[in-house]
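Colleague: So in this note's numbering, spot 30 of the sequence shown is number 17, and the numbers just go up one at a time. Shown below is the structure under consideration.
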Amino acid sequence: MIDATLTAEGARAVVRFERHLADPPEVVWQALTDREQLNTWFPTDIVTDRWKVGAALTFPFRDGEGPTLTGRVLEYDAPRALGFTWGDETLRFEVTPEPSGGTR
């Protein structure tokens, strides 16, 4: 199930997607932070020395499909929350265990 909302914070649009996944939070967290797993679903590669607040990120598009973006880790609270900039955008992921054993 996917629930989506669109709101505004000042002049910026905020899009929120909520998904209920069968996998436990540890598996979902790996999909958010493991470079090989990110390459299966994120639109660019994500290069960093280490996931920690303040760390620099580089986002080269695969096969030269676009410009290389840069970013910075804004929040890192394993395995609960991850936030970072992706070019001019801010992405934030919250990982919450479900009573059923899955993840929201």
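Where a beta carbon is used, it is the ideal one built from N, C-alpha and C, also for glycine.
Helix, strand or coil for Gly70, going by three-state DSSP, please let me know.
Modeller: Translated into the one-based positions of the sequence shown, residue 70 becomes position 83. Three-state result, Gly70: strand.
Colleague: Taking the straight line between their C-alpha atoms, what separation do you get for Val40 and Pro11?
Modeller: Along the sequence shown, read from residue 1 onward, the residue named residue 40 stands at position 53. Along the sequence shown, read from residue 1 onward, the residue named residue 11 stands at position 24. The straight-line gap from Cα to Cα measures roughly 24 Å.
Colleague: May I have the straight-line CA-CA distance separating Val14 from Arg(-1), to the nearest angstrom?
Modeller: For the purposes of this step, residue 14 is taken as the residue at position 27 of the sequence shown. For the purposes of this step, residue -1 is taken as the residue at position 12 of the sequence shown. Distance between the alpha carbons of Val14 and Arg(-1): 32 Å.
Colleague: Between the C-alpha atoms of Arg67 and Val60, what's the straight-line distance to the nearest angstrom?
Modeller: Residue mapping note: residue 67 aligns to position 80 of the sequence shown, counting from 1. Residue mapping note: residue 60 aligns to position 73 of the sequence shown, counting from 1. The straight-line gap from Cα to Cα measures roughly 14 Å.
Colleague: How big is the Cα-Cα spacing for Pro47 and Gly89?
Modeller: As a working note, residue 47 is residue 60 in the sequence shown. As a working note, residue 89 is residue 102 in the sequence shown. So the two alpha carbons sit approximately 32 Å from each other.
Colleague: Which full runs of the beta strand (DSSP E) of 3+ residues lie inside the stretch 17 to 64, going along the chain?
Modeller: Complete beta strand (DSSP E) runs here, min 3: 43 to 46 and 56 to 64.
Colleague: Taking the Cβ atom as the reference point for each residue, do Phe71 and Gly58 lie within a distance shorter than 7 Å?
Modeller: Start at 1 with the first residue of the sequence shown, and residue 71 comes out as number 84. Start at 1 with the first residue of the sequence shown, and residue 58 comes out as number 71. Cβ atoms of Phe71 and Gly58: closer than 7 Å.
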